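Visitor:
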Amino acid sequence: MNIKKDFFKKQSGFTLVELIVVLVILAILAAFTIPAMLGFVEDARSKKSITMTREVYTAAQSAAAEIYAQLGNVNVSGNSNPNITLIKEKVGTKIKEITAGDLDFKWVVTGEGSDTAANRKQDFIEVALRYKEGSTYNPSEFKYPNSAKVWFDRSSGDSANYVVKAVWYVDKSGNYRTIILEDSEKGISTTVEKIK
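Taking the UniProt record's numbering, I'd label the letters of the sequence shown as residues 1 to 196.
This is the structure:
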């Protein structure tokens with residue numbers, strides 16, 4: 001009988017108080033680390049959005065150079081010139097081809113007639129000509145998932161050469177809008193906005 005009592009007295013383990021103390025310490029550590037980890041995740045997502053926007057920007061520069069080589073002498077004056085739509089379609093198609101696999105745009109939007117961003121809703125590349133610095137553009141209206149808008153204009157040094165003036169991109173989740181903007185005074189800037 002004494003052997004049983006001695007056996008039970010020699011068993012060691014954690015008391016309930018010790019277990020509660022350990023759980024409290026773990027809860028305190030979690031309270032500090034989880035928000036930090038979420039911040040890292042958000043930061044990584046915004047950086048991914050920047051990377052994708054830069055891919056669109058680089059593809060747009062390449063497309064502009066190629067289309068200039070093909071159609072550099074085409075007249076694009078006026079507002080209802082069919083050559084403008086032709087250039088938009090060719091540039092948009094080239095950007096779509098270059099970014100295939102990473103961004104998977106499904107449509108090229110020219111903004112002509114019913115071919116608008118509002119009608120497509122997502123997975124498109126929209127091309128525009130004649131970006132005017134200082135004009136009011138409302139990026140908050142551009143909120144379509146996995147979609148980009150690219151503005152081209154004529155180079156001031158060579159009036160026939162097309163240059164990329166601005167790129168807007170909304171990531172695949174529709175949570176981040178990234179804007180790359182070329183300003184003649186400030187240079188190229190990149191902005192990331194969280195879409196609410």
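C-beta atoms are modelled at their ideal positions from N, C-alpha and C, and glycine is treated no differently. These numbers come from a predicted model, not from an experiment.
Near VAL127, which residues of its chain fall below 6 Å by C-beta distance, leaving aside the five closest residues on each side in sequence?
Guide: So the qualifying residues of the chain are LYS88, VAL91, GLY92 and VAL150.
Visitor: Could you check which residue in THR110, PHE40, GLU97 and GLN61 has the C-alpha nearest to that of ILE84?
Guide: Minimum Cα distance to ILE84 is reached at THR110.
Visitor: Which residues mark the beginning and the end of the beta strand (DSSP E) in which GLU126 is found?
Guide: Per DSSP, GLU126 belongs to the beta strand (DSSP E) from 124-129.
Visitor: Helix, strand or coil: which one does DSSP assign to GLY187?
Guide: Three-state DSSP puts GLY187 in a strand.
Visitor: How many angstroms separate the CA atom of ILE20 from the CA atom of TYR176?
Guide: Cα-Cα distance, rounded: 42 Å.
Visitor: With which residues is ASP153 paired in a DSSP beta bridge?
Guide: Per DSSP, VAL163.
Visitor: Could you check if ILE95 is buried or exposed, using at least 16 other CB atoms within 10 Å of its CB as the buried criterion?
Guide: Buried: at least 16 other Cβ atoms inside 10 Å.
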